[in-house]
Amino acid sequence: MVSVLVTGANRGIGLGLIRHLIYEPSVSTVIATARDVDAAKDLNALGNPKLHVIQLEVVNEDSIAAAVKKVFEIVGENGLDILVNNAGIGYIAPLNGDISKAKIIENLEVNTIAPLLIANKFYPLLKQAAAKKGSAQIAIISSGLGSLENVTKGIYREMPYTVYGMSGTAVNMLTRRIAVEWKDDKIRATSFCPGWVKTDMGSQAATYTVDESTIPLSKLILSLTEENNGQFYQHTGEKIPW
Numbered sequence: 003m004v005s006v007l008v009t010g011a012n013r014g015i016g017l018g019l020i021r022h023l024i025y026e027p028s029v030s031t032v033i034a035t036a037r038d039v040d041a042a043k044d045l046n047a048l049g050n051p052k053l054h055v056i057q058l059e060v061v062n063e064d065s066i067a068a069a070v071k072k073v074f075e076i077v078g079e080n081g082l083d084i085l086v087n088n089a090g091i092g093y094i095a096p097l098n099g100d101i102s103k104a105k106i107i108e109n110l111e112v113n114t115i116a117p118l119l120i121a122n123k124f125y126p127l128l129k130q131a132a133a134k135k136g137s138a139q140i141a142i143i144s145s146g147l148g149s150l151e152n153v154t155k156g157i158y159r160e161m162p163y164t165v166y167g168m169s170g171t172a173v174n175m176l177t178r179r180i181a182v183e184w185k186d187d188k189i190r191a192t193s194f195c196p197g198w199v200k201t202d203m204g205s206q207a208a209t210y211t212v213d214e215s216t217i218p219l220s221k222l223i224l225s226l227t228e229e230n231n232g233q234f235y236q237h238t239g240e241k242i243p244w
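Its first residue numbered 3, the sequence shown is counted upward by one per residue in the numbering used here.
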């Protein structure tokens, strides 16, 4: 039985993951984070006994520290088995358009710096779980736009998501480095592209519904082994080139 924490779980892909994880037999504890717990009505409405909803502002170090303490109160000495760094934002801007420095910084802060800080602060709980059960897992929700090889191909070529893609490439480096630096601690990291999903970020023009993305993605995250450490996958399981 495993414990799973998902950041940015009040809507979109994060909420979709929570909806499926709470019904997985192998999962005993699901922790969902939101910036405003009271406003996360869809999340709170799930009302499952496995589910714990806690406050977390991913770019605020004090909020992260408070969330770590709260998670320890929930999981105790068993530690945290799986951390899903999902919270993210998008920024659409063609390179020859009106680009905002503030928007660039915000995008990198939420999509790249926050996952690094969260992984760092939750490290003791992940290490605790790995010591007890043999491994712990970080799943980082990235984007196919972060693939240096794919970004000039197909639909990616036409998308004005340069800044968002930059944040994806940077967070993929985090995945690779965790896989190296925390290997002896038996903490693994894997990046995922959830696909182009019909969310507030993806728009209704996207290819996949939330369920079409998060049903296979949740199962994939729960099935990861050492073979998947430091790798990059589509939500359907296909490997994505860096």
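Glycine included, every Cβ here is placed at the ideal spot set by N, Cα and C.
Please determine, among the options, the residue with the shortest C-alpha to C-alpha distance to residue i.
i, options, result
"V86", "P27, N113 and G156", "N113"
"T177", "T164, I157, G148 and V153", "G148"
"V266", "I107, E183 and A172", "No statement about residue 266 is possible, as the shown extent of the chain runs from 3 to 244 and does not include it."
"L45", "K134, P51, R21 and A132", "R21"
"G92", "Y163, K221 and L226", "Y163"
"P27", "V4, G78, E63 and N12", "V4"
"E228", "D64, T154, K155 and A141", "A141"
"N50", "A34, E63, A41 and D64", "A34"
"E63", "P218, K155, T154 and L119", "L119"
"E79", "A133, N98 and S102", "A133"
"I242", "G99, N98, E111 and K155", "K155"
"K71", "E111, K103, Y125 and R179", "Y125"
Kindly list the residues whose CB is nearer than 7 Å to the CB of residue i, restricted to its own chain and excluding five residues on each side of it in sequence; keep chain order.
i, result
"N174", "S144, G148, S193, F234 and W244"
"Y25", "none"
"T171", "G148 and L150"
"Y158", "G146, L147 and N152"
"P96", "P162"
"N321", "What is shown of the chain runs 3 to 244, which leaves residue 321 out entirely."
"L246", "The structure shown does not extend to residue 246, since the chain is modelled only from 3 to 244, so the question has no answer here."
"A116", "V60, V61 and A89"
"I223", "I84, V86 and A141"
"I217", "H22"
"I101", "A95"
"G99", "none"
Return no unless some Cβ of chain B is closer than 7 Å to the Cβ of residue i.
i, result
"I217", "Included in the structure is just one protein chain, with no chain B present."
Just to check my reading of the structure: residue i and residue j have Cβ atoms closer than 8 Å, yes? What is that Cβ distance to the nearest angstrom?
i, j, result
"S137", "K188", "5 Å"
"A131", "D83", "5 Å"
"K52", "V73", "Wrong, their Cβ atoms sit about 14 Å apart, outside the cutoff."
"L58", "A47", "Between A47 and L58 the Cβ distance is about 19 Å, and since that is not below 8 Å, they are no contact."
"K123", "I76", "In fact, because the Cβ distance is near 15 Å, the residues do not count as touching under 8 Å."
If you drop the 5 nearest sequence neighbours on each side, which residues of the same chain put their C-beta closer than 6 Å to that of residue i?
i, result
"N231", "A181 and R190"
"G16", "V8, G10 and N88"
"S215", "P196, G197, V199 and H237"
"G81", "L127, Q130 and A131"
"L23", "V6, V29, V32 and S220"
"V39", "V55 and Q57"
"L12", "Sequence check: residue 12 is Asn here, not Leu. Closer than 6 Å at the Cβ level, and outside the excluded window around N12, lie A36, A42 and L45."
"K135", "none"
"K105", "Y93"
"E111", "V61"
For residue i, write down the residues that DSSP places opposite it in a beta bridge.
i, result
"V55", "A34"
"Q233", "Answer by DSSP bridge pairing: none, since Q233 is not bridged."
"F194", "I143 and Y235"
"L7", "I33 and L85"
"I189", "A138"
"I241", "The identity of residue 241 in the sequence shown is Lys, whereas the question assumes Ile. Note: K241 sits in a beta bridge opposite Y235."
Please tell me whether, using a cut-off of 6 Å, the distance from the CB of residue i to the nearest non-hydrogen atom of the ligand SAH is below it.
i, result
"S65", "With respect to the ligand SAH, the structure offers nothing, as it holds no ligand at all."
Report all residues from its chain with a CB closer than 8 Å to the CB of residue i; omit the five preceding and five following residues, and keep chain order.
i, result
"G239", "P218 and L222"
* Jot down the residue ranges of each uninterrupted alpha helix (DSSP H) in the stretch 82-152, minimum 4 residues, whole runs only, in chain order. => 103-110 and 116-135
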